[in-house]
Amino acid sequence: MYCTSSGSIEVDGKFACSATIIDDFYVLTSNSCTSGYPLSSLSVRVGTDKLGHRGQVYMANQTFPYMSGGIVPTPPNLDVILIQVATPFTFTDRVMWLNPNNDGTKALQNGVVSAWAEPKSKGSPLVLSSVFVLPHANCSAMYNGIRNISTSEFCLWPNDSTSRPCLASLGAPMYYNEQFFGLVTYNVGCSNPNLPVIIQGVSTFTSYIIFTLCDFPSVFT
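With positions in the sequence shown counted from 1, the corresponding number in this note's numbering is that position plus 5.
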């Protein structure tokens, strides 16, 4: 199995986090992953199942932080950002966009999360983990006293003993049947299996995606 929509954000050629292709010019990733880095240092690697190796590399052209009603919240209330590349992706059997889902993420629904087997090792293989969405009450209880879980956030739990969603980097997609349901925005890693990966439901910010892809931000600049 291979996730054709998975990509990597690189800073000065080094892996920073994951990303998801949603258009021929755009990837979606975690804002906290790219925040503070100059635009000229950012690039996107796609079309490979080996971390930092082969595939296609595209320089970032512009970044678009989350906007609500044409305004960038301060501080950002969603940890997402769209990155536009300088030249369009070349779509192949290894590079394709993922359709953002607008119907909402539901408790107990199944999905797949892509991750790098060893996120800090160049050449590490891409692995896919089968997961399901925990009910919101369970997710909140597991993170009680650690962090609040908003109504647009969801916890992922492995479907079987071979699945390790805890490997997922920020910006990795959770998808099902070619539909993009969630973006990984919080993960403590595999050291604490009782704190599951958290995703931001994509349906909560599809208007921001449409707003950006239709070039409406230029109206406000």
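C-beta: ideal position from N, C-alpha, C; glycine also.
CA nearest to the CA of isoleucine 154, picked from Tyr42, Thr190, Val117, Val16: On the sequence shown, residue 154 is found 149 positions in, with the first residue counted as 1. Checking every option, the nearest Cα to that of isoleucine 154 belongs to Thr190.
Neighbourhood of glutamine 67 by C-beta distance below 6 angstroms, restricted to the same chain and skipping five residues each side: For the purposes of this step, residue 67 is identified with residue 62 of the sequence shown, where counting begins at 1. Gln89.
Where proline 140 falls, given that 16 or more other Cβ within 10 Å makes a residue buried: Here residue 140 is taken as the residue at index 135 of the sequence shown, counted from 1. For proline 140, the number of other beta carbons within 10 angstroms of its own is below 16, and it is reported as exposed.
Rounded separation between valine 62 and glycine 12 - CA only: For this step, residue 62 is matched to residue 57 along the sequence shown. For this step, residue 12 is matched to residue 7 along the sequence shown. Taking the straight line from one Cα to the other gives about 10 angstroms.
Rounded C-alpha distance that separates histidine 58 from asparagine 149: Position 53 of the sequence shown holds residue 58. Position 144 of the sequence shown holds residue 149. Taking the straight line from one Cα to the other gives about 40 angstroms.
Classification of arginine 50 by the beta-carbon crowding that lies within 10 angstroms, buried from 16 upward: On the sequence shown, residue 50 is found 45 positions in, with the first residue counted as 1. Buried, because 16 or more other Cβ atoms sit within 10 Å of the Cβ of arginine 50.
Residues that arginine 50 bridges to, as DSSP identifies them: Residue mapping note: residue 50 aligns to position 45 of the sequence shown, counting from 1. Note: arginine 50 sits in a beta bridge opposite Ser13, Val62.
Meets three-Cβ-pair contact criterion under 8 angstroms: the segment 189–205 and the segment 84–98: yes
Identity of the residue in Leu161, Asn36, Ile14 nearest serine 135 by Cα: Here residue 135 refers to the residue found at position 130 of the sequence shown. Among Leu161, Asn36, Ile14, the Cα nearest to that of serine 135 belongs to Leu161.
Per DSSP, cross-strand counterpart(s) of lysine 111: To locate residue 111, count along the sequence shown from 1; it is residue 106. DSSP output for lysine 111 lists no bridge partner at all.
Check whether glutamine 184 and asparagine 104 have beta carbons under 7 angstroms apart: As a first step, residue 184 must be located in the sequence shown, where it is residue number 179. As a first step, residue 104 must be located in the sequence shown, where it is residue number 99. Going by C-beta atoms, glutamine 184 is nearer than 7 angstroms to asparagine 104.
Span separating the alpha-carbon of valine 227 from that of threonine 9: Residue coverage of the chain in this structure runs from 6 to 226, which leaves residue 227 outside it and unanswerable.
Residue ranges of each beta strand (DSSP E) within the segment 134–198, 3 or longer: Whole beta strand (DSSP E) segments, 3+ residues: 158–163, 178–181, 184–191.
Cysteine 38, enclosing alpha helix (DSSP H) - first and last residue: Looking up residue 38 in the sequence shown gives position 33. 36–39 is the extent of the alpha helix (DSSP H) around cysteine 38.
Contact with chain D by alanine 173, beta-carbon distance below 7 angstroms: Chain labels in this structure do not include chain D; a single protein chain is all it has.
Valine 224, DSSP secondary structure in three states: The residue labelled residue 224 in the question sits at position 219 within the sequence shown. Reliability of the predicted coordinates at valine 224 is poor, the pLDDT of 40 falling under 50, and the value obtained from them is presented with this limitation in mind. The answer is helix: DSSP assigns valine 224 an H, G or I state.
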